[in-house]
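A.B. asks: Order-wise, the sequence lines are chains G and Z.
Residue numbering for the first sequence follows my numbering, beginning at 1 and increasing consecutively.
Residue numbering for the second sequence follows my numbering, beginning at 1 and increasing consecutively.
First the structure, then my questions, so here it is.
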Amino acid sequence: MSTSVAEQETSQAALPERPKQLAMHFDTLHQQFTTGKLAMWLFLGQELLFFTGLFTAYAVYRGNHQEMFHYAHYFLDWRLGGANTIVLLTSSLTAAWSVRCAQLEQRKGLLITLALTFLCAAAFMCIKYVEYSHKIHIGAVWGSNFGVPLNEFPEHLREKYPDLTPEQLQQMGTGSFFAIYFCMTGLHGIHVLVGMALYAWLFIRALRGSFNRKYYGAVDNIALYWHIVDIIWIFLFPLLYLIG
Amino acid sequence: MTSTTHEAEGHGAHDGHHEGLPGTIGHVSSWKSLVTVLTVLIFLTVLTVAVAQLDLGRLNVVGAIGIACVKASIVALWFMHLRYDKRFNFWIFISSVAFVAWMVGYILFDSSMYQHNIKEFRETHPITAPEIHEHDGGEEHAE
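Right, here's the structure in full:
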């Protein structure tokens, strides 16, 4: 027994020195990186399915209440939604660029791109706040709480359908549209907040100089997560804001 | 320290020149390709908004979802490096998308199967509210 332990010790001593970021259960930094990435892709695959539940609710409700969806979409301002799309796409660029900076060990570039991604996410949430507070203010909310007075109808809606009354909208179940709207954009918004927290954490780690060309899995995987958040919004924007 | 055979596996196809420090793990995207991808994505966003202004009936939905799918693919292939990543990660993503399509498609199919029940219900339980344009879409009752 004691001889085999001694043999192990000598064979371990013969191994080259392990990098300090390499976890004990991996052979190489490359193996560690690809394993983390595989796990991230599995997580993102289920994230898509997670959101699909809501997209399916949208599809079924839209199929069954086409007129209601048509009237309701006038309450969403496509300019704000479009601005948020551009902000999120830009943040996707900075996220992808942060991966490049980490790979090239450009510390300054990494800090700038991480900070820009965080700021774009914050800008997204600010625009979202403007939208949410306006909707809650005029009563464009979920379920039976929905009740928008005639003077708060969007201009385009009043021009196109001058006879439409608030009671009719309520009776058509427009509250269901806003239940779906708040659930989908709300769940997406929670993902954006999580992303902001992750980017703040990455920024602190980058400040400490934790990343290098062989160890940047966190930057890469969080960028992957961020791109999925972007992809979800790419679908939410036209489905909710544009097509009536 | 790191086995070179392992390193070579992960790289996948390279596009011509190889940028990056020696021993870098993964594919390094050039800043030009990243900026090009963003430009295309913004162009497609403007296109989505423009197409939505036209009244194409059912084609509006098809067009909007079609452009969104193209945009999502561009994000996945370039920003998410799927083009250069291990094939296995690509297939994880594709199989997830396949299940998304199956779930939405099957439930919509199921939903359309009982439309005649809803129609019958509406005929026997007419809504007393004044008529609105076309036919109404409601069944929920106001309080």
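Ideal placement from N, C-alpha and C gives every residue a C-beta, glycine not left out.
Owing to the predicted nature of the structure, the values given are computational and were not obtained by experimental measurement.
1. Taking C-beta pairs closer than 7 Å, name the residues in chain Z that LYS37/G reaches, listed in chain order.
2. Please decide whether PHE121/Z counts as near chain G, where near means a Cβ-Cβ distance under 9 Å.
3. Using only the alpha-carbon positions, how far apart do GLY10/Z and LEU48/G sit?
4. Please classify ALA102/G: is it buried, with 16 or more other beta-carbons within 10 angstroms of its beta-carbon, or exposed?
5. Pop quiz: THR85/G and THR45/Z are said to be a contact at Cβ under 8 Å. What is the actual Cβ separation, rounded to whole angstroms?
6. Shorter than 9 Å from the beta carbon of THR285/G to some beta carbon of chain Z?
7. Mapping the DSSP letters down to three states, classify TYR216/G as helix, strand or coil.
8. With a CB to CB cut of under 6 Å and the five nearest residues on each side skipped, what residues in its chain are close to GLY244/G?
9. Using the Cα positions of ASP77/G and ALA64/Z, report the straight-line distance between them to the nearest angstrom.
10. So which residues of chain Z does GLY82/G contact, with C-beta pairs closer than 8 Å?
11. Distance, Cα to Cα, GLY36/G vs GLY217/G?
12. Since ARG18/G is in the alpha helix (DSSP H), which residue starts that stretch and which ends it?
13. Name the chain G residues whose beta carbon is nearer than 9 Å to that of LEU54/Z?
14. So is ARG62/G buried or exposed if we call it buried at 16+ other beta carbons inside 10 Å?
15. Just reading off the alpha helix (DSSP H) that HIS27/Z is part of, what are its end residues?
16. Three or more C-beta pairs under 8 Å: does that hold for the region 114-123 of chain G against the region 161-171 of chain G?
17. Does chain G have any CB closer than 9 Å to the CB of MET113/Z?
18. Mind checking whether THR154/G and PHE237/G have CB atoms under 9 Å apart?
19. Assign SER210/G to one of three DSSP states: helix, strand, or coil.
20. Keeping to the same chain, check which residues put their C-beta closer than 7 Å to that of ALA123/G; ignore five residues upstream and five downstream.
21. Using the rule of at least 16 other Cβ atoms within 10 Å of the residue's Cβ for burial, across every protein chain shown, is TRP102/Z buried or exposed?
22. Shorter than 9 Å from the beta carbon of ASN60/Z to some beta carbon of chain G?
23. Does HIS81/Z come within less than 9 Å of chain G when only Cβ atoms are used?
24. In this structure, does DSSP put ALA39/G in helix, strand or coil?
25. List, in order along the chain, the chain Z residues whose C-beta lies closer than 8 Å to that of VAL60/G?
26. Rounding to the nearest angstrom, what Cα-Cα distance links LEU150/G and THR165/G in this structure?
27. Should ALA76/Z and HIS227/G be called a contact, given that it needs their Cβ atoms to be closer than 9 Å?
28. On the three-pair Cβ rule with 8 Å, is the region 38-47 of chain G touching the region 85-100 of chain Z?
C.D. replies: With the structure as the only source:
1. ASN89
2. no
3. At GLY10/Z the pLDDT is 41, less than 50, meaning the model places this residue with poor confidence; the figure from the coordinates comes in the next sentence. Computed Cα separation, rounded: 25 Å.
4. buried
5. 5 Å
6. Because chain G here runs from 1 to 244, residue 285/G falls outside it and cannot be looked at.
7. Of the three classes helix, strand and coil, the one that applies to TYR216/G here is coil, per DSSP.
8. HIS70 and HIS73
9. Those two C-alpha atoms are separated by around 17 Å.
10. Chain Z residues near GLY82/G: THR45 and VAL49.
11. 7 Å
12. Note, ARG18/G: premise wrong, no alpha helix (DSSP H); not H, not E.
13. Those within 9 Å of LEU54/Z in chain G number zero; the least Cβ separation is about 11 Å.
14. buried
15. No alpha helix (DSSP H) contains HIS27/Z, which DSSP labels as neither H nor E.
16. no
17. no
18. The amino acid occupying residue 154/G in the given sequence is Pro; Thr does not appear at that position. Result no, Cβ atoms of PRO154/G and PHE237/G do not sit closer than 9 Å.
19. SER210/G falls in the coil class under three-state DSSP.
20. VAL87
21. With fewer than 16 other Cβ atoms inside 10 Å of its own Cβ, TRP102/Z counts as exposed.
22. Yes, contact with chain G.
23. yes
24. helix
25. ILE107, LEU108 and SER111
26. 7 Å
27. yes
28. yes
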